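**Q** One structure, as C-alpha cells, below. Some questions next.
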Amino acid sequence: MIAGKRKTIGVFLCKAYTVFDNAVYHALEEEAHRLNYDVIIFTTVGFFSSQNEYDSQERGMFSFAPIEQLDGIIVAPDTYEIEGFRDQLYEELKRRAKCPIVSIRHQEDEYDCVYTDENLAIRPLMKHLLEDHGLKRVVFLAGYEGHPDGEKRLQVYKEEMALHGLPVDEEKDIAHGTMWLNCGDMAYEAFFSDPERRPEAVVCANDFMAIGLMRTLKKHGLRIPEDVIVTGFDNVQNFALNEPMLTTVEQNFEEMASKAMEELDRQIRGEYGENGKKEIKRIAIGGQLILGESCGCGGRGEDFYVKTSMERAELVDNMNSREVSMTYLTIELNACDDLKDLHRVLVNKMDDTRMVRDYYLCLFEKGKDVYGEPVFAEEQTEKACLVHVMKDRQDHGMPMITFDRCKLLPEMAERAEEPQVLYLVLLHQREKAYGYALFHYQPGEVPTNFFQHWNIILSGALSNMHKRDELKVLYEERRLSSITDVMTRLLNRRGLEEQLSPIWQRLCAMGESAAFISFDMDRLKQINDTFGHQAGDYAIRLTGDAIRRAAPKDAILARMGGDEFLAVMPRADDQAAKRFMRDFQKQLKALNKQEDRAFNVEASCGAVVIHMNGLSTIEECIQRSDEELYRQKEKRHTERYE
C-alpha cells in the first residue's frame, strides 16, 4: 500500500466490470505479484448516454486520487465516455503526476502507450469481406463522433474500400452510433430504408452495436448472413443463443496490461539511465479475427448450446440471488442510525460478498469532537478514518483509525507477505462526498457490477445517516431553546425541571443532600427607571454571568423569571453552598469593575441544604430556598439603612 513500503501503481479506468476490465484485472494481478507492486484501481462509472447526476459526480475521483504519491500510472482513457471526464483526468495528470504514465487501448501523443493497431486488427476483417466473400456494398456503423477507437476503425474501412476500388458515400455508407445496443433502429433507418441501396454487409465498430443491429434486422424479417452480413469488434460474447455468433475481432487486453506494467517497471527501476527515456514509446498489438455465423464462415461446436445454457443458468441464478441480496441490503442499511449499525449490517452481509477477500470502508474526517471522537465530513478532506474492515473474510471490527487520506489506508492494512490489487470507489450522493471503499477480490474472481450497486446503496445509507444527524442537531437546538433563557443562556424553569428530574429520585432514594441557592437582584427597578430597560437587561445578563462563573461543574443553574435565579448543587453541604455564594459576590464585584458602568449591579442570595427523603418535592425545596433568600435580603436592606 501507499502507507507501506511496497511501490504502488495507480490504474484509472471506467466501468470496472466489462470484458476489457476483467482481462486487465487478471493481468494486473499476475504482474503485480511477479514484479512486486501494490496496485490501486481508481474506478468510476459513467456511460456516454447517461444523463444522471451520479455519473457526473464521479469525476471527483480525479482530484481525490493521490496522484503525487503514485510510483507509476496506467490509464485507459477511452473507457471514459462522459463529456469532460477524459480532459479532466489528463489535466490532473499533467499538473500533479511525478511518475511514469502508460496509456492502454489508446494511441497517445503525450504518454507511452500500449494499444491495438487497427491496421493489424480490423484490416484482416475488411479483407475477409472484400476478398474472401467478394462483397461490393459494405457500409460502416461507427461509434459516436470523436470516439478514438471508432474513428481509427472507420479510417481503416475507408482505406480498404479505396484499395479495392469501391466508392464510399460519406452520408449514406457511414452512420454514427452510441457504441451500445440501443442504436439498432437508427442504423436500420440509415442503411436499409432505401431498398435500392441495401448493403451486403455492415461492419460495426464494436460488438454491442452489431448485436443491436442484428436484433433490429430480425424484427424486419432480414436473415443473417443470407440477406446481410454483420460484423463486430471486441468479441464480447454477449449474445442470445438464438442469435448468430458474431464474426468479430478479438483484442488481447491481458497482453496490453502486462506490457504496460512491464514498461512502468523498466522506468521505475531506471532501466533507461539517469536521464530517462526521451521519446514517446508506442507498443502496438494485433488482434485476432474470429470467424462466426454472422458471415457464414464459422459456427458453434456440438456442445456449445449445452455448455452455454449451463453457464447462463448459473449466471441467472447468481443475478437473482444478488437482486434479493441488494433488496435486503437496501432495507437494512437505510434503517441504520449510526456507524455501529452500519458495521453490523456489513458483517451480517459477508456471505453475500463471497467474491471479495478484503473490504475497507474509509470516511472523510473534518476533525474531532470534545470527546476526541471523529467528526465526519460531506466533502473530501485531508484526513480519513478507517471505520470498517473485513480482511481474509474475517470481521476486523471498527478500527476508527485516523490517517492522512493521501495514503489511502493506514499501515494496518498493509500485507508485507504479498502485493495487493485493490479496487477503489468513491462514496457520494449528489454534491456530497462521504468517503471511499477499497476491496480485493478472491483469487479467480472477476469484477462485476454487483459492487457498483453495493457501493451506491452504501452511499445512500451514509447520506441518510448524515441527514439524521442534522435532524438530531436541529432537534437538540430547538429543545435547548425551549429550556433555555434567551437573555442569560441559563436554563429557564422548564429546563431546570428537565435537568433536575432524572437525578431527583436517586437523591431521595439514597437520602442524599442538595443545596438550593436562590438569587434576587437588588434595585433592578431603580436601574430601569434611571438608565432605561436596556441597562436593566444588561444587569440581568451580568448577574447570570456571575452565577455561571462561580458555579461548580455539576451545579444546575436557572433564571426563574424577572430578576430571580436559582442554583441547585446535588450532594452539596453547607460549606459548599457558602463557598458558592462568596464566589458569586466576588465574580459580580469583578464584573462591575470590568464593565465600569454608571451603576453597580448587586444581588442577594440565600441557601438551604436539604437532606432528601421520599416526601421531598422540588417546589418545596425552592420555596424554602426563597424564604432564606428573603431573610438575607431583608437583613441586607436593614444593614444598608442603619
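Note that the sequence shown covers residues 54 to 695 in the working numbering.
For every residue, glycine included, the Cβ atom is placed at its ideal position computed from N, Cα and C.
Quick caveat: nothing in here was measured; it's all calculated off a predicted structure.
#1: Could you pull the DSSP bridge partners for Glu617 from this structure?
#2: Look at the alpha carbon of Phe733 and the alpha carbon of Cys236, and state the distance between them as a whole number of angstroms.
#3: Spell out the partners DSSP gives Phe623 in its beta bridges.
#4: When we look at the beta-carbon of Tyr412 and count the other beta-carbons within 10 Å, is it buried (16 or more) or exposed?
#5: Taking C-alpha atoms, which residue in Ile62, Arg689 and Met232 lies nearest to Gly196?
#6: Quick one: grab the DSSP three-state call for Asp522.
#7: Sort out for me which residues DSSP pairs Met465 with in a bridge.
#8: Where does Tyr78 land, buried or exposed, given buried means 16+ other C-beta within 10 angstroms?
#9: Could you tell me the boundaries of the alpha helix (DSSP H) in which His396 lies?
#10: At which residues does the alpha helix (DSSP H) containing Ile277 begin and terminate?
#11: Can you tell me whether His664 is buried or exposed? The criterion is at least 16 other CB atoms within 10 Å of its CB, across all chains shown.
#12: Would you call the CB atoms of Gly340 and Thr169 closer than 8 angstroms?
#13: In this structure, how does DSSP classify Tyr48 when only helix, strand and coil are distinguished?
#14: Strictly by DSSP, which residues pair up with Pro119?
#15: Rounded to the nearest angstrom, what separates Val64 and Val128 at their Cα positions?
#16: Evaluate Pro605 with the Cβ neighbour count: other Cβ atoms within 10 Å of its Cβ, from every protein chain shown; 16 or more gives buried, anything less gives exposed.
#17: Count the C-beta pairs between the region 528-541 and the region 635-644 that are closer than 8 angstroms, then say yes if the count reaches three, no if not.
#18: How many whole angstroms separate the CB atoms of Gly113 and Ala486, which I take to be in contact at a CB cut-off of 8 angstroms?
#19: With which residues is Ser678 paired in a DSSP beta bridge?
#20: So what's Cys348 in DSSP terms, helix, strand or just coil?
#21: Thinking Ala660 and Phe584 are a contact (beta carbons under 8 angstroms), I'd like their distance in whole angstroms, please.
#22: Could you give the first and the last residue of the continuous alpha helix (DSSP H) run that contains Ala592?
#23: Quick one: using the 10 Å Cβ neighbour count with 16 as the cut-off for buried, is Ser362 buried or exposed?
#24: On the DSSP bridge list, what partners appear for Glu171?
#25: Output the distance between the C-alpha atoms of Glu163 and Ile333, rounded to the nearest integer angstrom.
#26: Which term fits Lys60, buried or exposed, when burial requires 16 or more other beta carbons within 10 angstroms of its beta carbon?
#27: Between the C-alpha atoms of Asp457 and Leu416, what's the straight-line distance to the nearest angstrom?
#28: If contact is defined by three or more beta carbon pairs under 8 angstroms, each pair taking one atom from either stretch, is the region 513-531 in contact with the region 439-447?
#29: For my contact list, Asn288 and Ile338 are in at a C-beta cut-off of 8 angstroms; report their separation, rounded to the angstrom.
#30: Check whether the region 212-230 touches the region 179-191, taking contact to mean three or more Cβ pairs, one atom from each stretch, closer than 8 angstroms.
#31: Please look up how many angstroms separate the CB atoms of Ile509 and Leu386, rounded, as I've assumed it's under 8 angstroms.
#32: What does a CB cutoff of less than 6 angstroms around Leu395 pick up in its chain, not counting 5 residues either side in sequence?
#33: For Ala80 versus Ala310, is the C-beta distance shorter than 8 angstroms?
#34: Pairing CB atoms from the region 486-495 with CB atoms from the region 466-477, are three or more of them under 8 angstroms?
#35: Does the Cβ of Asn259 have 16 or more other Cβ atoms within 10 Å, making it buried, or fewer, making it exposed?
#36: For Pro500, count neighbouring C-beta atoms within 10 Å of its own C-beta (all shown protein chains included) and say buried if the count is 16 or more, exposed if not.
**A** Reading from the atomic positions:
#1: As a first step, residue 617 is located in the sequence shown; it is residue number 564 there, counting from the start. DSSP lists Asp573 and Gly614 as partners of Glu617.
#2: Nothing about residue 733 can be read from this structure; the chain reaches only from 54 to 695.
#3: Counting from one through the sequence shown, the residue named residue 623 turns up at place 570. Here residue 623 turns out to be Pro, not Phe, going by the sequence shown. Answer is Ala567.
#4: Position 359 of the sequence shown, counted from the first residue, corresponds to residue 412. By the neighbour-count rule (16 or more Cβ atoms within 10 Å), Tyr412 is buried.
#5: Against the sequence shown, residue 196 aligns to sequence position 143. Residue Met232 is the option with its Cα nearest to Gly196.
#6: One-based indexing of the sequence shown puts residue 522 at position 469. In the structure shown, Asp522 sits in a helix (DSSP, three-state: H, G or I).
#7: Numbered from 1 along the sequence shown, position 412 holds the residue referred to as residue 465. Answer by DSSP bridge pairing: none, since Met465 is not bridged.
#8: Numbered from its first residue, the sequence shown carries residue 78 at position 25. Tyr78 is buried by the Cβ-count criterion.
#9: Within the sequence shown, numbered from 1, the residue matching residue 396 stands at position 343. Residues Leu392 to Asn401.
#10: Here residue 277 is taken as the residue at index 224 of the sequence shown, counted from 1. Counting along the chain, Ile277 falls outside any alpha helix (DSSP H), and DSSP gives it neither H nor E.
#11: As a first step, residue 664 is located in the sequence shown; it is residue number 611 there, counting from the start. It is exposed - the Cβ of His664 has fewer than 16 other Cβ atoms within 10 Å.
#12: Looking up residue 340 in the sequence shown gives position 287. Looking up residue 169 in the sequence shown gives position 116. Cβ atoms of Gly340 and Thr169: closer than 8 angstroms.
#13: Summary: the structure shown does not reach residue 48, with the chain confined to residues 54 through 695, and so no result is reported for it.
#14: Locating residue 119 in the sequence shown gives position 66, where the first residue counts as 1. Partner(s): none; Pro119 has no beta bridge.
#15: On the sequence shown, position 11 is the one that residue 64 refers to. On the sequence shown, position 75 is the one that residue 128 refers to. Straight-line Cα distance between these residues: approximately 6 angstroms.
#16: Against the sequence shown, residue 605 aligns to sequence position 552. With fewer than 16 other Cβ atoms within 10 Å, it is exposed.
#17: no
#18: On the sequence shown, position 60 is the one that residue 113 refers to. On the sequence shown, position 433 is the one that residue 486 refers to. The Cβ separation is near 6 angstroms, so the contact holds.
#19: What you label residue 678 is simply residue 625 of the sequence shown in a count that begins at 1. For Ser678, which the question treats as bridged, DSSP gives no partner whatsoever.
#20: Counting from 1 along the sequence shown, the entry for residue 348 is found at position 295. Residue state, collapsed to three classes: coil.
#21: On the sequence shown, position 607 is the one that residue 660 refers to. On the sequence shown, position 531 is the one that residue 584 refers to. Going by Cβ atoms, the distance from Ala660 to Phe584 rounds to 30 angstroms, so no, they are not a contact pair.
#22: For the purposes of this step, residue 592 is taken as residue 539 along the sequence shown, with counting starting at 1. Its alpha helix (DSSP H) spans residues His586 to Ala603.
#23: Here residue 362 refers to the residue found at position 309 of the sequence shown. By the 10 Å Cβ count, Ser362 comes out exposed.
#24: Stepping through the sequence shown from its first residue, residue 171 is reached at position 118. In DSSP, Glu171 forms no bridge with anything.
#25: Translated into the one-based positions of the sequence shown, residue 163 becomes position 110. Translated into the one-based positions of the sequence shown, residue 333 becomes position 280. If I take the Cα positions, the gap works out to 7 angstroms.
#26: One-based indexing of the sequence shown puts residue 60 at position 7. It is buried - the Cβ of Lys60 has at least 16 other Cβ atoms within 10 Å.
#27: By 1-based counting over the sequence shown, the position of residue 457 is 404. By 1-based counting over the sequence shown, the position of residue 416 is 363. Spanning the two alpha carbons is a distance of roughly 12 angstroms.
#28: no
#29: Locating residue 288 in the sequence shown gives position 235, counting from the first residue. Locating residue 338 in the sequence shown gives position 285, counting from the first residue. At roughly 14 angstroms, the Cβ-Cβ gap does not stay under 8 angstroms, so Asn288 and Ile338 are not in contact.
#30: yes
#31: Here residue 509 is taken as the residue at index 456 of the sequence shown, counted from 1. Here residue 386 is taken as the residue at index 333 of the sequence shown, counted from 1. Not quite, the Cβ-Cβ distance comes to about 11 angstroms (not below 8 angstroms), so this is no contact.
#32: Position 342 of the sequence shown holds residue 395. Excluding residues within five positions, the ones whose Cβ falls inside 6 angstroms are Cys389.
#33: In the sequence shown, residue 80 corresponds to position 27, counting from 1. In the sequence shown, residue 310 corresponds to position 257, counting from 1. Yes, the pair counts as a contact, with Cβ atoms nearer than the cut-off.
#34: yes
#35: The residue you call residue 259 lines up with position 206 of the sequence shown. Buried: at least 16 other Cβ atoms inside 10 Å.
#36: For the purposes of this step, residue 500 is taken as the residue at position 447 of the sequence shown. So Pro500 ends up on the buried side.
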